[in-house]
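Asks: Handing you a structure now.
Number of protein chains: 2
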Amino acid sequence: MSSDHDRYHHRRTLTLEQRAARCPNPAGRRLLEIISRKRTNLCISLDMTDSAEILSTARLVAPYVCLFKTHVDIVADFSQDFVAELTAIAEEHDVLIFEDRKFADIGNTARLQYEAGMYRIAEWSHFTNAHVVSGPGVVDGLRGAAERLGRGLLLLAEMSSAGSLVTGPVTELAVELAAREPALITGLIAGGALLPDTADVITMSPGVSLAGEDSPTARPAAGDSFGQQYVTPRRAIMDRGTDVVIVGRAIIGAADPVAAAKLHQTAAWQAYEQSVAHLQQA
Amino acid sequence: MSSDHDRYHHRRTLTLEQRAARCPNPAGRRLLEIISRKRTNLCISLDMTDSAEILSTARLVAPYVCLFKTHVDIVADFSQDFVAELTAIAEEHDVLIFEDRKFADIGNTARLQYEAGMYRIAEWSHFTNAHVVSGPGVVDGLRGAAERLGRGLLLLAEMSSAGSLVTGPVTELAVELAAREPALITGLIAGGALLPDTADVITMSPGVSLAGEDSPTARPAAGDSFGQQYVTPRRAIMDRGTDVVIVGRAIIGAADPVAAAKLHQTAAWQAYEQSVAHLQQA
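In order, the protein sequences belong to chains A and B. According to the working numbering, the first sequence is numbered sequentially starting from 2. According to the working numbering, the second sequence is numbered sequentially starting from 2.
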């Protein structure tokens, strides 16, 4: 057993039910319950531009995931009907919704972007996320609606893209804000657990694929032409201690998305269970 | 004359027409021509949530501004008809449009957010902007549509909000990318000129108001409850060397927006002319 596993000792000696019971953020609590109940720590990125395609993919993969991640501003035919249908699929299959908006403006603008406009994100998305580069005011902008509606905020503490500057003081501020306000801030978007001793902070990791750079079958450059970089679920969960892996193109771009979703669910859940087993042997 | 003015010597010894003639970015060239022709370096932030209100304010203030800045994702009744009407007002009054989207995702997602979705920002907005925290891939994501349509990108190099981390290496990367690719990147969003010797980089500054913190009539805390901070047009232009001042609530929140727009236009243009006059006396 490696020292990496030791780092996550505290969080992973608590069961998911124990973590849910003590989670101070209502959306985070529901997510931990779903992960435990459905035995899936897989989030699917529904990064398509057509609402019918998103809904049909969501229906197909819903049994294997805990979370639907959306970018509603790439949906060409967005409507509140689309949101209602996605919500219905999510409810039927015990899935939550995470609009990956990456708010990055001053607080007053972020507030309007979250609550108003065509999307009214706060009304339907259990989670959303924000960069902290504009300063802590962005959290204050999102706070009102998030607290009123029991939503969860995730702060970007690391990114999977090449040359990311979500590092150093940016990472530190995200971690500091998350540690300070777990009732509002569900956790962090990062490559792995940055607060390994804190069971209250849920970490979600993008850039995950079974064809990640640490995969035995990976192509020489496992990424895209715009600097995205991938690791496997095993690395993200066992080596880096993340809670939820976010998988997009490896599932929605697969010839058989259901088979790809099952494979990723199994790999991610096994990595979690192996990590717990390692700890119990310690 | 202060040493601050010396720093902008090169840019301000060129006339606006000379800067326009050598500007390698088509949208930037048009903007410099408009600033010169209309004698206004004022950008209005149309941060309202109702399209009729945005359009009526745009009509009122159009004669006094060079640029309409929008946040289309706060507009509750957004439609492509709204865009068409805003474009018509802009064309009639010699104004360009800047969708202040602050892209902050990986390149592939930013590409879709810029080109696709309900908004199709690339199709109608002469300028948009991006954070560089996700790494330089965001510029590559925006590049295709921007080059095809002759759009201008602005990179966030500084922000006016309290505790901003758009500083240090983040600022340096924005400056480096802008200096490297002036044909694609029109310039920077910053408190002042960060490349004072470079006439090709257009700087736009948010957080500007005649009631800014350096105003003789400023309230003790000239800002909002979400950490926004203000300086006067004079400070932004003369002391800090910016090209375009972005004014929002000081105009759209005024009892008489037209009077407020005229006052801000006059103050900003006089600051520019005084800055040039100082240089000619040098």
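Even for Gly, the Cβ is constructed at its ideal location relative to N, Cα and C.
Pull the bridge partners of LEU154 (chain A) from the DSSP assignment, please.
Replies: According to DSSP, which records beta bridges pairwise, LEU154 (chain A) is partnered with A:THR129 and A:ILE186.
Asks: Give the range of the alpha helix (DSSP H) segment to which GLU18 (chain B) is assigned.
Replies: Looking at the DSSP string, the run of the alpha helix (DSSP H) that includes GLU18 (chain B) is 17 to 23.
Asks: Please state the DSSP three-state secondary structure of THR172 (chain A).
Replies: It is helical.
Asks: Restricting to runs no shorter than 3 residues, where is the beta strand (DSSP E) found entirely within the segment 60 to 132 of chain A?
Replies: Within the segment 60 to 132 of chain A, the complete beta strand (DSSP E) runs of at least 3 residues are 68 to 71, 97 to 104 and 128 to 131.
Asks: Can a CB atom of chain A be found closer than 8 angstroms to the CB of ILE190 (chain B)?
Replies: Judged by the 8 angstroms Cβ criterion, ILE190 (chain B) is not in contact with chain A.
Asks: I want to verify the contact list: residues of chain B whose CB lies under 9 angstroms from the CB of ASP48 (chain A), in sequence order.
Replies: Result: ASN109, THR110 and LEU113.
Asks: Would LYS103 (chain B) pass as an interface residue toward chain A - the criterion being a Cβ-Cβ separation below 8 angstroms?
Replies: With 8 angstroms as the cut-off, LYS103 (chain B) counts as an interface residue toward chain A.
Asks: Which term fits ARG241 (chain A), buried or exposed, when burial requires 16 or more other beta carbons within 10 angstroms of its beta carbon?
Replies: The residue is buried, with at least 16 neighbouring Cβ atoms inside 10 Å.
Asks: Taking the CB atoms as reference points, tell me whether ILE90 (chain A) and ALA63 (chain A) lie closer together than 8 angstroms.
Replies: Yes; because the gap between Cβ atoms is below 8 angstroms, this pair is in contact.
Asks: Please state the DSSP three-state secondary structure of MET2 (chain A).
Replies: For MET2 (chain A), the pLDDT reaches just 38, beneath the cut-off of 50, and the residue's location in the model is therefore unreliable, although a value from the coordinates is still provided. Note: MET2 (chain A) maps to coil in three-state DSSP.
Asks: Between the Cα of MET205 (chain A) and the Cα atoms of A:GLY188, A:ASN109 and A:PRO217, which residue gives the shortest distance?
Replies: Comparing Cα-Cα distances from MET205 (chain A) to each of A:GLY188, A:ASN109 and A:PRO217, the minimum goes to A:GLY188.
Asks: According to a CB-to-CB cut-off of less than 9 angstroms, which residues of the segment 153 to 169 of chain B neighbour chain A?
Replies: Answer in chain order: LEU157, MET160, SER161, SER162, ALA163, GLY164, SER165, LEU166, VAL167, THR168 and GLY169.
Asks: Contact criterion: CB-CB distance below 8 angstroms. Does LEU174 (chain B) meet it with respect to chain A?
Replies: For LEU174 (chain B), the answer is yes, since a Cβ of chain A falls inside 8 angstroms of its Cβ.
Asks: Confirm, please, whether the CB-CB distance from ALA117 (chain B) to LEU154 (chain B) is below 8 angstroms.
Replies: Contact flag unset, no.
Asks: Report the residues of the segment 129 to 151 of chain A with a CB closer than 7 angstroms to any CB of chain B, ordered along the chain.
Replies: Listed by position, the residues of the segment 129 to 151 of chain A near chain B (Cβ gap below 7 angstroms) are HIS132, VAL133, VAL134, SER135, GLY136, PRO137, GLY138, ASP141 and GLY142.
Asks: Residue range of the beta strand (DSSP E) that THR267 (chain A) falls in?
Replies: Counting along the chain, THR267 (chain A) falls outside any beta strand (DSSP E), though it belongs to the alpha helix (DSSP H) covering 258 to 282.
Asks: Residues of chain A with CB under 7 angstroms from ASP106 (chain B), in chain order?
Replies: Within 7 angstroms Cβ-Cβ: LYS103.
Asks: When you check each C-beta in the segment 218 to 249 of chain A against every C-beta of chain B, which residues fall closer than 9 angstroms?
Replies: Residues passing the 9 angstroms Cβ filter: ASP225, SER226, PHE227, GLY228 and GLN229.
Asks: Roughly how many angstroms separate the alpha carbons of LYS70 (chain A) and ASP101 (chain A), rounded to a whole number?
Replies: Distance between the alpha carbons of LYS70 (chain A) and ASP101 (chain A) is about 6 angstroms.
Asks: With distances taken Cα to Cα, identify the nearest neighbour of GLU18 (chain A) among A:PRO25, A:ARG30 and A:ASN26.
Replies: Closest by alpha carbon: A:ARG30.
Asks: Span of the beta strand (DSSP E) holding SER206 (chain B)?
Replies: 203 to 206 is the span of the beta strand (DSSP E), which, as asked, contains SER206 (chain B).
Asks: Assuming contact is defined by CB atoms lying nearer than 8 angstroms, are ALA163 (chain A) and GLY151 (chain B) in contact in what I supplied?
Replies: No, the pair does not count as a contact, with Cβ atoms beyond the cut-off.
Asks: Taking buried to mean at least 16 other C-beta atoms within 10 Å of its own C-beta, is ALA21 (chain B) buried or exposed?
Replies: Classification of ALA21 (chain B): buried, given that the 10 Å Cβ count is 16 or more.
Asks: Suppose contacts are defined by Cβ-Cβ distances below 8 angstroms. Is ILE190 (chain B) in contact with LEU178 (chain B) by that definition?
Replies: Cβ atoms of ILE190 (chain B) and LEU178 (chain B): not closer than 8 angstroms.
Asks: Identify the continuous alpha helix (DSSP H) that holds ILE45 (chain B) and give its terminal residues.
Replies: No alpha helix (DSSP H) contains ILE45 (chain B), which is instead part of the beta strand (DSSP E) from 43 to 46.
Asks: With a threshold of 8 angstroms between beta-carbons, can GLY118 (chain A) be considered close to chain B, or not?
Replies: By this cut-off, GLY118 (chain A) is an interface position.
Asks: Rounded to whole angstroms, what is the Cα-Cα separation between THR267 (chain A) and ILE247 (chain A)?
Replies: Rounded to whole angstroms, THR267 (chain A) to ILE247 (chain A) spans 14 angstroms at the Cα level.
Asks: LEU77 (chain A) touches chain B at which residues, Cβ-Cβ below 9 angstroms?
Replies: Note that residue 77 (chain A) is Ala in the sequence shown here, rather than Leu. The answer, in chain order, is ALA117, GLY118, MET119 and ARG121.
Asks: In whole angstroms, give me the CA-to-CA distance for THR243 (chain B) and ALA175 (chain B).
Replies: Using only the alpha carbons, I get a separation of about 16 angstroms.
Asks: Can you find a C-beta in chain B that's less than 8 angstroms from the C-beta of VAL209 (chain A)?
Replies: Not closer than 8 angstroms to any Cβ of chain B, the Cβ of VAL209 (chain A) fails to qualify, so no.
Asks: Give me the chain A residues within the contact set of ASP285 (chain B), using Cβ-Cβ distance strictly less than 8 angstroms, ordered along the chain.
Replies: Residue 285 (chain B) lies beyond the stretch modelled for chain B, which goes from 2 to 283, so this question has no answer here.
Asks: Tell me the rounded alpha-carbon separation between VAL144 (chain B) and HIS72 (chain B).
Replies: Looking at the sequence shown, residue 144 (chain B) is not Val but Arg. ARG144 (chain B) and HIS72 (chain B): Cα-Cα distance of roughly 21 angstroms.
Asks: With 8 angstroms as the threshold, decide whether the Cβ of VAL171 (chain A) is near any Cβ in chain B.
Replies: Answer yes: the Cβ-Cβ gap between VAL171 (chain A) and chain B drops below 8 angstroms somewhere.
Asks: Determine whether the Cβ of HIS94 (chain A) lies closer than 8 angstroms to any Cβ atom of chain B.
Replies: False, the Cβ-Cβ gap to chain B never drops below 8 angstroms.
Asks: Can you tell me which of the three DSSP states GLY224 (chain B) falls into?
Replies: Strand at GLY224 (chain B).
Asks: Compute the Euclidean distance between the alpha carbons of SER126 (chain B) and LEU97 (chain B), then round it to the nearest angstrom.
Replies: Distance between the alpha carbons of SER126 (chain B) and LEU97 (chain B): 8 angstroms.
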